[in-house]
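Engineer: Provided herewith is a single structure, encoded as structure tokens, for subsequent inquiry.
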Amino acid sequence: MEPDESARQLASVLGGLARCSFQVAAANYILWPSGRTIMMHSHDNLVHLDYFSGSGHVTLRDKTLPLRPATLLMIPPGIPHRFSSSPSSLMRNYTVKLQVVGMPPEAMPMIYLRKPDESLAQRVRDALSWIVEENQIRSDGYEFICDCLLRGLSAAMIRARMKLICPPPHGVLEEACGIMATEYSHQLEVRDVAHRCGIRPDSLSRLFRAHLKTSPRAYLQGIRLEQARSLLSGGYSVTHVAEITGFASVHYFSRAFARAFGIPPSKWGQTDLISSPLPKR
Numbered sequence: 000m001e002p003d004e005s006a007r008q009l010a011s012v013l014g015g016l017a018r019c020s021f022q023v024a025a026a027n028y029i030l031w032p033s034g035r036t037i038m039m040h041s042h043d044n045l046v047h048l049d050y051f052s053g054s055g056h057v058t059l060r061d062k063t064l065p066l067r068p069a070t071l072l073m074i075p076p077g078i079p080h081r082f083s084s085s086p087s088s089l090m091r092n093y094t095v096k097l098q099v100v101g102m103p104p105e106a107m108p109m110i111y112l113r114k115p116d117e118s119l120a121q122r123v124r125d126a127l128s129w130i131v132e133e134n135q136i137r138s139d140g141y142e143f144i145c146d147c148l149l150r151g152l153s154a155a156m157i158r159a160r161m162k163l164i165c166p167p168p169h170g171v172l173e174e175a176c177g178i179m180a181t182e183y184s185h186q187l188e189v190r191d192v193a194h195r196c197g198i199r200p201d202s203l204s205r206l207f208r209a210h211l212k213t214s215p216r217a218y219l220q221g222i223r224l225e226q227a228r229s230l231l232s233g234g235y236s237v238t239h240v241a242e243i244t245g246f247a248s249v250h251y252f253s254r255a256f257a258r259a260f261g262i263p264p265s266k267w268g269q270t271d272l273i274s275s276p277l278p279k280r
């Protein structure tokens, strides 16, 4: 059992990381004694990044998941969670709480990687250890170093989760999703994506339908709409948002946005909404 997310949501977040900055609120190395449990709690506006070695469990909302050596976690703001170490062993934990500036807190995904690639787990552990050290010493430039490390860590964990959703032998699906995630702002056509992936457009469509339950065109538009929603929340104008998210016209963008979210983009920033569902397919 793993937290729910979609490849489209992950691709949208991955594509938006470039314009974000990351600020460390707390960074620690924790040695958990055996049989230790903390109370259920959550952090407003803070994302949790964790590396665990040892044995235990984590409860995320109402889901209890095992913590095994080299478990990686990304917990978005506002998600109640609780950690427990095994009654028979110690548990080691590198943990960083951070603010993501430039992206709505609710847009960050929940990621649980119990058996990540060994090299990824090693890199995450080393990077978190480096961040803990930088945050303790706070020498000149430590904020910049932590920002770069956290940006890379977040992208690597999101990409690893996407690979689990789109596993081999359908590497072409991962490649197509990556192109859309990074180039959504261009006048990108499905036939162009298919050509770059070395596949016919109709074959690419069948792959999307079989594994993502949507079409390539709808997937790309979903990424654009997710980015648009984030930019509108940041105070950008409707015209500017339509332009930088790859829509051919403001009129078409406004219709697509209203159809997906039930509200015109011009009124999005005037609402008190904290979150809303992903765009309709």
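Numbering that gives the first Met the number 0 puts the first residue of the sequence shown at 0, with every later residue one more than the last.
C-beta: ideal position from N, C-alpha, C; glycine also.
In this text, all values refer to a predicted model and were calculated from it rather than measured experimentally.
Can you tell me where the alpha helix (DSSP H) with residue 281 in it begins and where it stops?
Structural biologist: Because the chain in this structure spans residues 0 to 280, residue 281 falls outside the shown range and cannot be described.
Engineer: Excluding the 5 residues preceding and the 5 following residue 183 in the sequence, name in chain order all residues of the same chain whose CB lies nearer than 7 Å to its CB.
Structural biologist: Position 184 of the sequence shown, counted from the first residue, corresponds to residue 183. Same-chain partners within the cutoff: 14, 219, 222, 223, 226, 244 and 245.
Engineer: Could you check what DSSP says for residue 187 in three-state terms: helix, strand or coil?
Structural biologist: Mapped onto the sequence shown, residue 187 falls at position 188. Three-state result, residue 187: coil.
Engineer: What are the residues that DSSP puts in a beta bridge with residue 49?
Structural biologist: Within the sequence shown, the letter at position 50 stands for residue 49. Per DSSP, 72 and 94.
Engineer: Three Cβ pairs or more, each shorter than 8 Å: is that satisfied between the segment 14 to 23 and the segment 101 to 121?
Structural biologist: Touching, yes, given that three or more Cβ pairs across the two stretches are closer than 8 Å.
Engineer: Going by the DSSP bridge assignment, what does residue 81 pair with across the sheet?
Structural biologist: In the sequence shown, counting from the first residue as 1, residue 81 sits at position 82. DSSP lists 58 as partners of residue 81.
Engineer: Any idea what DSSP makes of residue 217, helix, strand or coil?
Structural biologist: What you label residue 217 is simply residue 218 of the sequence shown in a count that begins at 1. Helix, per DSSP.
Engineer: If you compare alpha carbons, which of 38, 111, 46 and 94 is closest to residue 66?
Structural biologist: Residue mapping note: residue 66 aligns to position 67 of the sequence shown, counting from 1. Residue 111 is the option with its Cα nearest to residue 66.
Engineer: Just to confirm, are residue 98 and residue 24 a CB contact at a threshold of 8 Å?
Structural biologist: One-based indexing of the sequence shown puts residue 98 at position 99. One-based indexing of the sequence shown puts residue 24 at position 25. Yes, the Cβ-Cβ distance between residue 98 and residue 24 is below 8 Å.
Engineer: Within the chosen definition, does the segment 50 to 69 reach the segment 166 to 180 through at least 3 CB pairs nearer than 8 Å?
Structural biologist: With the cut-off at 8 Å, the segment 50 to 69 and the segment 166 to 180 do not touch.
Engineer: Going by beta-carbon coordinates alone, are residue 123 and residue 149 separated by less than 8 Å?
Structural biologist: Position 124 of the sequence shown, counted from the start, is the residue given in the question as residue 123. Position 150 of the sequence shown, counted from the start, is the residue given in the question as residue 149. Result no, Cβ atoms of residue 123 and residue 149 do not sit closer than 8 Å.
Engineer: Mapping the DSSP letters down to three states, classify residue 246 as helix, strand or coil.
Structural biologist: Within the sequence shown, residue 246 is the residue found at index 247, counting from 1. In the structure shown, residue 246 sits in coil (DSSP, three-state: anything other than H, G, I, E or B).
Engineer: Could you check if residue 202 is buried or exposed, using at least 16 other CB atoms within 10 Å of its CB as the buried criterion?
Structural biologist: Numbered from 1 along the sequence shown, position 203 holds the residue referred to as residue 202. Exposed.
Engineer: Taking the straight line between their C-alpha atoms, what separation do you get for residue 276 and residue 46?
Structural biologist: Here residue 276 corresponds to residue number 277 of the sequence shown, with the count starting at 1. Here residue 46 corresponds to residue number 47 of the sequence shown, with the count starting at 1. Caution is warranted here: a pLDDT of 41 is assigned to residue 276, below 50, making its placement in the model unreliable, and no coordinate value can be reported.
Engineer: If we call anything under 8 Å between Cβ atoms a contact, is residue 32 one with residue 84?
Structural biologist: For the purposes of this step, residue 32 is taken as the residue at position 33 of the sequence shown. For the purposes of this step, residue 84 is taken as the residue at position 85 of the sequence shown. For residue 32 and residue 84, yes; Cβs fall inside 8 Å.
Engineer: Thinking C-beta only, is residue 95 closer than 8 Å to residue 130?
Structural biologist: Here residue 130 is taken as the residue at index 131 of the sequence shown, counted from 1. Here residue 95 is taken as the residue at index 96 of the sequence shown, counted from 1. Cβ atoms of residue 130 and residue 95: closer than 8 Å.
Engineer: With a cut-off of 8 Å on the beta carbons, I'd call residue 115 and residue 69 a contact; round off their distance for me.
Structural biologist: Walking along the sequence shown from the start, residue 115 turns up at place 116. Walking along the sequence shown from the start, residue 69 turns up at place 70. Yes, residue 115 and residue 69 are in contact; Cβ-Cβ is about 6 Å, under 8 Å.
Engineer: Which complete alpha helix (DSSP H) runs does the segment 0 to 45 hold, if anything under 4 residues is left out?
Structural biologist: Qualifying alpha helix (DSSP H) stretches, in chain order: 6 to 15.
Engineer: For the beta strand (DSSP E) that contains residue 290, what are its first and last residues?
Structural biologist: No information on residue 290 is available, as it lies outside the stretch 0 to 280 that the chain covers here.
Engineer: Helix, strand or coil for residue 65? Go by DSSP, reduced to three states.
Structural biologist: For the purposes of this step, residue 65 is identified with residue 66 of the sequence shown, where counting begins at 1. Strand.
Engineer: Cα-Cα, which of 143, 156 and 30 is closest to residue 90?
Structural biologist: Position 91 of the sequence shown, counted from the start, is the residue given in the question as residue 90. Among 143, 156 and 30, the Cα nearest to that of residue 90 is on 30.
Engineer: For residue 267, which residues in the same chain have their Cβ closer than 6 Å to its Cβ, ignoring the five residues on either side in sequence?
Structural biologist: Taking the first residue of the sequence shown as position 1, residue 267 is located at position 268. For residue 267, where only same-chain residues beyond five positions count, the Cβ hits under 6 Å are 231.
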